[in-house]
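Peer 1: Just so you know, the sequence shown maps onto residues 25 to 238 in the working numbering. A virtual CB, placed ideally from N, CA and C, is assigned to each residue, including glycine. I'd like to ask you about the structure that follows.
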Amino acid sequence: MRLRKIAGADQRVADHARVLRGEARGQNWLTHLAQDRPVYLEIGMGKGDFILAMAPKYPQWVFLGLEKYSSVLLKALEKYDCLEEKRENLWFLWEDAQSLSEVFPAQSIAGLYLNFSDPWPKARYAKRRLTSPAFLDLYYRLLKPGARLEFKTDNQALFQFSLDSINEHPNFDLSQVYWDLHSQVDPAENVMTEYERKFSDLGHPIYKLIAVRK
Ligand code: SAH
25 MRLRKIAGAD QRVADHARVL RGEARGQNWL THLAQDRPVY LEIGMGKGDF ILAMAPKYPQ
85 WVFLGLEKYS SVLLKALEKY DCLEEKRENL WFLWEDAQSL SEVFPAQSIA GLYLNFSDPW
145 PKARYAKRRL TSPAFLDLYY RLLKPGARLE FKTDNQALFQ FSLDSINEHP NFDLSQVYWD
205 LHSQVDPAEN VMTEYERKFS DLGHPIYKLI AVRK
């Protein structure tokens with residue numbers, strides 16, 4: 025998602041009370057924040073529709089939304105600020121997924137969501153896909169044993185790449201695969217993302233996989 029750069033976005037994101045910035049986090053930041061609750065992370069949350077809907081649905085969990093572009097993250101923060109009831113279990117991170125291992129301790133995450141990740145269709149950029157083998161290695165380090173990775177997309181090539189990448193990875197088991205999610209699950213069980221709404225309105229089938237970290 026590329027938005028036109030919003031003037032002042034960097035500063036507004038950096039100053040926002042719900043954004044956890046590197047230097048301010050300090051040691052054991054996640055333990056303090058989670059207080060024994062399981063922590064769920066969405067990487068590339070865009071404008072935040074999914075995580076803003078998940079936080080009230082699962083109030084006993086802690087949600088972290090990670091986004092690398094401040095102008096996009098700012099949209100999620102504006103939505104957060106408009107909530108009637110402030111969510112105490114929702115936080116935001118302004119980071120690139122590449123730096124996750126510096127942000128999170130090993131085995132600290134109970135579940136990971138990747139929704140409509142950038143497809144990077146050219147083979148020479150395959151390493152940038154968030155389901156590439158190198159990213160799976162990184163997720164393996166961060167996830168707790170038995171944690172789930174859930175991935176949704178409308179991009180068939182990226183979906184196939186992701187299935188292969190998980191099937192070939194020694195530390196993940198593929199648990200469920202949906203080739204047309206919306207005809208296979210109860211809508212009440214599926215929290216839609218902004219892109220999911222947009223692409224399903226255009227008639228695209230939505231693909232989903234669930235993998236389990238060994
Ligand atoms: N998850 C949202 C947005 C999908 S677009 C939805 O389903 O509606 C993909 C988003 O991932 C964009 O906002 C993009 O800026 C972000 N993104 C892509 N690569 C990233 C990375 N390496 N680290 C963090 N965010 C990333």
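1. When DSSP builds the beta bridges, which residues end up paired with Lys-232?
2. Using the Cα positions of Thr-55 and Leu-65, report the straight-line distance between them to the nearest angstrom.
3. Give a yes or no on whether the C-beta atoms belonging to Gly-68 and Asp-178 are separated by under 9 Å.
4. Leaving out five residues on either side along the sequence, give the residues of the same chain with a beta carbon under 7 Å from the beta carbon of Arg-165.
5. Return yes when the Cβ of Phe-223 is within less than 9 Å of the Cβ of Tyr-137, no when it is not.
6. Three or more beta-carbon pairs under 8 Å between the segment 149 to 165 and the segment 192 to 209, yes or no?
7. Could you say if the segment 103 to 120 and the segment 79 to 88 meet the contact criterion of at least three C-beta pairs nearer than 8 Å?
8. Considering only their Cβ atoms, is the gap separating Pro-169 from Ser-189 smaller than 9 Å?
Peer 2: Put simply:
1. Residue mapping note: residue 232 aligns to position 208 of the sequence shown, counting from 1. Bridge partners of Lys-232: Lys-176, Tyr-202.
2. Walking along the sequence shown from the start, residue 55 turns up at place 31. Walking along the sequence shown from the start, residue 65 turns up at place 41. If you take the alpha carbons of Thr-55 and Leu-65, they lie about 15 Å apart.
3. Counted from its first residue, the sequence shown places residue 68 at position 44. Counted from its first residue, the sequence shown places residue 178 at position 154. Annotated as distal: Gly-68 and Asp-178, with beta-carbon spacing of 9 Å or more.
4. Taking the first residue of the sequence shown as 1, we reach residue 165 at position 141. Hits under 7 Å: Ser-125, Ala-130.
5. Within the sequence shown, the letter at position 113 stands for residue 137. Within the sequence shown, the letter at position 199 stands for residue 223. In this structure, Tyr-137 sits away from Phe-223, with a CB-CB distance that is not shorter than 9 Å.
6. Under the three-pair Cβ rule at 8 Å, the segment 149 to 165 counts as touching the segment 192 to 209.
7. yes
8. Here the question's residue 189 lines up with position 165 in the sequence shown. Here the question's residue 169 lines up with position 145 in the sequence shown. No, these two residues do not count as a Cβ contact at 9 Å.
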